[in-house]
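To start, the structure under review is shown below, and the notes come after it.
Numbering (the numbering used here), first residue to last: 396 to 875.
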């Protein structure tokens with residue numbers, strides 16, 4: 396992996412990607428399944444995956460926003476302006492029982508601008524010179540990666556990985572933009588020419604208003620938000636404003652924080668950086684979903700702790716997030732709102748406060764929740780899998796379709812015409828087409844000789860029904 400392991404400022408600055416379930420955009424959750432009982436307790440900040448509205452649910456915490464202010468890029472907005480995948484930071488008071496009361500909710504796009512190029516096989520695109528990676532957790536609005544094209548305008552919410560690439564939580568197609576924007580760390584700086592670079596974008600700030608938290612000049616490694624009224628010309632953005640970002644402004648020593656993000660740098664066995672925030676952990680830190688050995692670059696984590704006098708986060712609890720390797724598109728067999736489960740293809744799938752719900756069918760129920768889902772509804776479900784089973788991260792109801800799509804880690808294959816995915820038997824025959832990881836056509840023999848247990852495979856059957864006989868099979872990921 397090509398990683399830029401640069402020493403960042405340890406000032407309390409956050410770049411956090413979020414999964415925001417829309418209010419007005421179609422989202423909700425009835426909190427099926429067990430909720431958290433040991434969350435942040437006291438005054439502080441919560442930033443992470445927002446999975447429901449009514450109250451706003453962030454990192455599994457139900458937060459009352461009735462008396463909260465809402466803002467985007469410094470402009471006043473309302474809760475209805477939030478969409479699935481928006482990155483938010485919520486300040487307020489939290490009760491330690493999975494509830495809280497917000498005083499402010501802020502959100503800001505990571506990139507607003509034109510698409511430079513699209514690379515579907517590698518699941519990425521470049522916009523405003525910034526490489527944007529997409530995965531099963533990315534929410535697309537008005538476009539998909541396959542339909543995205545150079546020259547189109549997009550808004551991207553996300554967070555940085557260890558290679559300074561944006562891991563997108565939301566990509567929204569726009570017909571026009573009132574401003575162009577990019578957020579990131581200054582890579583190179585020429586004060587004489589008044590230009591700096593953020594990854595592949597050159598920024599000319601000669602005519603820009605510049606604001607830093609400390610009142611000092613711009614510096615290499617500083618995390619800034621750049622805005623312009625015009626699109627880049629020849630790879631150069633003429634900035635109208637450059638502002639050092641400090642999304643923890645107002646946070647004091649002893650305040651609590653619960654943050655979700657991606658590890659961008661590991662400094663030692665007890666310290667890592669999560670997108671600009673230094674996190675300290677030790678013997679008093681408890682772990683879920685893994686151990687300290689799993690705290691590596693590009694691991695997604697959720698950290699709960701308190702802010703020290705030096706502005707770092709002392710971790711009390713760290714959860715290592717599991718990969719979303721499961722996607723199923725088919726009709727629902729059964730729903731149990733009391734237990735917080737749904738059944739698809741005979742598989743029981745748990746939902747909870749971390750699960751996003753969205754209704755993209757013609758019915759457009761809004762907000763949408765598990766209790767409004769019915770047997771026979773056609774859904775796209777994304778999930779994680781561990782020793783306890785399948786847990787849904789997203790449930791999206793769509794208009795009825797005849798296609799079955801199943802993606803997940805391979806349990807086994809017989810080497811000729813049958814495989815098992817998530818315990819489900821999938822057969823192939825002479826009419827089945829096969830593709831490798833790079834979307835190249837391969838033979839049945841090549842496929843069965845290549846894949847092994849743990850590799851992620853996606854199959855499609857159309858029409859669905861009866862034994863699963865795949866019309867299309869593709870290799871999504873090979874186990875190391």
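Positions of the beta carbon are idealized from the N, C-alpha and C atoms, including for glycine.
#1: Just reading off the beta strand (DSSP E) that residue 520 is part of, what are its end residues?
#2: With 16 as the cutoff for other CB atoms within 10 Å, does residue 698 come out buried or exposed?
#3: Three Cβ pairs or more, each shorter than 8 Å: is that satisfied between the stretch 507-521 and the stretch 574-587?
#4: Kindly list the residues whose CB is nearer than 6 Å to the CB of residue 605, restricted to its own chain and excluding five residues on each side of it in sequence; keep chain order.
#5: State the DSSP-derived secondary structure class of residue 634, mapped to helix, strand or coil.
#6: Please determine, among 718, 669, 491, 756, the residue with the shortest C-alpha to C-alpha distance to residue 726.
#7: DSSP on residue 859, reduced to helix/strand/coil?
#8: Which residue from 840, 476, 547, 570 puts its Cα closest to that of residue 520?
#9: Given a threshold of 16 other Cβ atoms within 10 Å of its Cβ, counted over all protein chains shown, does residue 691 qualify as buried or as exposed?
#10: Do residue 792 and residue 841 have their C-beta atoms within less than 9 Å of each other?
#11: Taking DSSP's pairing of strands, which residues face residue 854 in a bridge?
#12: Where does the unbroken alpha helix (DSSP H) through residue 606 begin, and where does it stop?
#13: For residue 428, I'd like the list of residues in its chain whose CB is within less than 6 Å of its CB, leaving aside the five on either flank, ordered along the chain.
#14: Using CA atoms only, rank isn't needed, just tell me which of 568, 527, 665 is closest to residue 554.
#15: Count the other CB atoms within 10 Å of the CB of residue 759; is the residue buried (16 or more) or exposed (fewer)?
#16: Please name the residue, chosen from 795, 617, 523, that lies closest to residue 630 on a Cα-to-Cα basis.
#17: Can you tell which of 580, 797, 470 has its C-alpha closest to the C-alpha of residue 560?
#18: What span of residues does the alpha helix (DSSP H) with residue 839 cover, start to end?
#19: My understanding is that residue 797 touches residue 863, with C-beta atoms under 8 Å, so please give their C-beta distance in whole angstroms.
#20: According to the neighbour-count rule (16 or more other Cβ atoms, all chains shown, within 10 Å of its Cβ), is residue 483 buried or exposed?
#21: Taking residue 749 as the reference, give the member of 456, 505, 490 with the closest Cα.
#22: How many Å lie between residue 488 and residue 498 at the Cα?
#23: Please report the Cβ distance between residue 443 and residue 454, rounded to the nearest whole angstrom; I am assuming they are in contact, meaning their Cβ atoms lie under 8 Å.
#24: What does DSSP give as the partner residue(s) for residue 822 in the beta ladder?
#25: Note down, in chain order, each residue of its chain lying with its Cβ closer than 7 Å to the Cβ of residue 834, except the 5 sequence neighbours on either side.
#26: Which residue from 808, 789, 766 puts its Cα closest to that of residue 534?
#27: Under 9 Å between the Cβ atoms of residue 683 and residue 713?
#28: Assuming residue 831 contacts residue 816 (C-beta within less than 8 Å), just tell me the rounded distance between them.
#29: Near residue 769, which residues of its chain fall below 6 Å by C-beta distance, leaving aside the five closest residues on each side in sequence?
Working from what's here:
#1: 519-522
#2: buried
#3: yes
#4: 637
#5: coil
#6: 756
#7: coil
#8: 547
#9: exposed
#10: no
#11: 801, 868
#12: Run containing residue 606: none in the alpha helix (DSSP H); it sits in the beta strand (DSSP E), 604-606.
#13: Low confidence applies here, because residue 428 scores a pLDDT of 39, under 50, leaving its location unreliable and the question unanswered by this model.
#14: 527
#15: exposed
#16: 523
#17: 580
#18: 839-845
#19: With a Cβ gap of about 14 Å, residue 797 and residue 863 do not count as contacting.
#20: buried
#21: 456
#22: 8 Å
#23: 4 Å
#24: 813, 864
#25: 516
#26: 789
#27: yes
#28: With 8 Å as the limit, residue 831 and residue 816 do not qualify as a contact, their Cβ atoms being about 17 Å apart.
#29: none
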